[in-house]
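Okay, so the sequence shown: first residue is 1 according to full-length UniProt numbering, each after it adds one.
C-beta: ideal position from N, C-alpha, C; glycine also.
Every value quoted in this text rests on a predicted model; they were computed, and no experiment measured them.
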Amino acid sequence: MGAADISKDSLTLKWEPPEDDGGAPVENYIVERRDKSEKDWNEVGREPAVEGKTVYTLLDDKVVEGKEYYYRVRAVNKAGPGDPCDHGRAFKIVAKPEPPSFPEGGIYDLKVKVGETIKYDLVIGGEPVPKAIWTANGKSVKSGGRCKMTIERGKHLFKLENAERADSGQYTLVLKNDSGKCDSTATVTVVGPPEPPKGPLEISDICGDGATLAWKPPDDDGEYIVEALDIDEKGKFVPVGSTSGAETKIVVHGLKNKGNYKFR
């Protein structure tokens, strides 16, 4: 008699028929169990005997992870139950070792605004519970400060609060335990207002109702919005055009002939 399989929530017991049936065919088998810390035996189930069958099994799914149990089996014929057969030692209910995995997929490309939270709420596999190792742009990321991580059986949560532009880059998560490891990589982009363009602002090709403006890109680029202020009207700056971050020159139209303007 022995255990055919043990998981965190079940045990499958196996045994063979007796060599001596007592002069009458075995009709069924009674499987009993007791907690290692207790003395009383309790019936787990019965398995009918089948002629010619050489190995029997019975699933016990009423176990508790971490506990230890003794099992015994009795063969029953018309004369009643025979003497029990037991293994001689207790079986401990533990989860089977399992390498880490991402059952529903790993981390994925993410785009957030400055001040928002970079968050990954993942379903993970692995037994024992794997260790989560994060890197961002090749540098280790650990829990603390803006970064919060939790991991338990089946779940892993990663949060980086109050995202900054500098948090953008390539993130890698490695799950590791004694049975193996797996990894996943994604790109995180944190978007926000760009820095001011580098000056000086050059104005050329001034004509009756327009002018050409040119500037140098900032270190942290984005879209450019060009605004103009009509000095004579003493108004406010109003948008007169925009370009992508790669374009640092624009021709604006709609200006007053011989008007005085301030640009930014």
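On a CA-only basis, which of the options is nearest residue i? Give me that one, please.
i    : options                  : result
Y71  : A163, E32, D178 and H253 : E32
D21  : K139, A136, E51 and E104 : E51
G125 : I151, C147 and I118      : I151
P17  : N42, K62, V64 and V73    : V73
G210 : D232, D178, W15 and H253 : H253
K139 : E19, G23 and Q170        : Q170
What residue range is occupied by the uninterrupted beta strand (DSSP E) comprising residue i?
i    : result
D121 : I118 to V123
R89  : Careful: R89 lies outside any beta strand (DSSP E) and carries neither H nor E.
S168 : Per DSSP, S168 belongs to no beta strand (DSSP E) and is neither H nor E.
K131 : K131 to A136
P99  : E98 to S101
D183 : G180 to V191
E202 : K198 to S204
M1   : Per DSSP, M1 belongs to no beta strand (DSSP E) and is neither H nor E.
V76  : E68 to N77
K249 : K249 to V252
Once you ignore the five residues that flank residue i on each side, which residues in its own chain have a CB closer than 7 Å to its CB?
i    : result
A87  : According to the sequence provided, residue 87 is His. The question's Ala does not apply to it. Hits under 7 Å: M1, G2 and Y71.
D40  : R34
P123 : Note on residue identity: the sequence assigns Val, not Pro, to residue 123. P103, E104, G154 and K155.
I250 : L213, V226, G241 and T243
G180 : P99 and P100
D183 : T172, L173 and V174
Expressed to the nearest angstrom, what Euclidean distance is found between the alpha-carbon atoms of residue i and residue j?
i    : j    : result
E38  : K92  : 15 Å
T172 : W134 : 6 Å
Y56  : E98  : 27 Å
K256 : I231 : 11 Å
G45  : K14  : 13 Å
Label residue i either buried or exposed according to how many other C-beta atoms from any shown protein chain fall within 10 Å of its C-beta, with 16 as the threshold for buried.
i    : result
Y120 : buried
S168 : buried
P130 : buried
P100 : buried
F158 : buried
A166 : exposed
Y69  : buried
Near residue i, what residues of its chain come up, given a Cβ to Cβ distance below 8 Å and the 5 sequence neighbours on each side ignored?
i    : result
E227 : F237, V238, P239, V240, F263 and R264
Beta-carbon within less than 6 Å of residue i's beta-carbon, same chain only, minus the 5 sequence neighbours each way: which residues are those?
i    : result
P217 : T248
E47  : Y29, Y56 and L58
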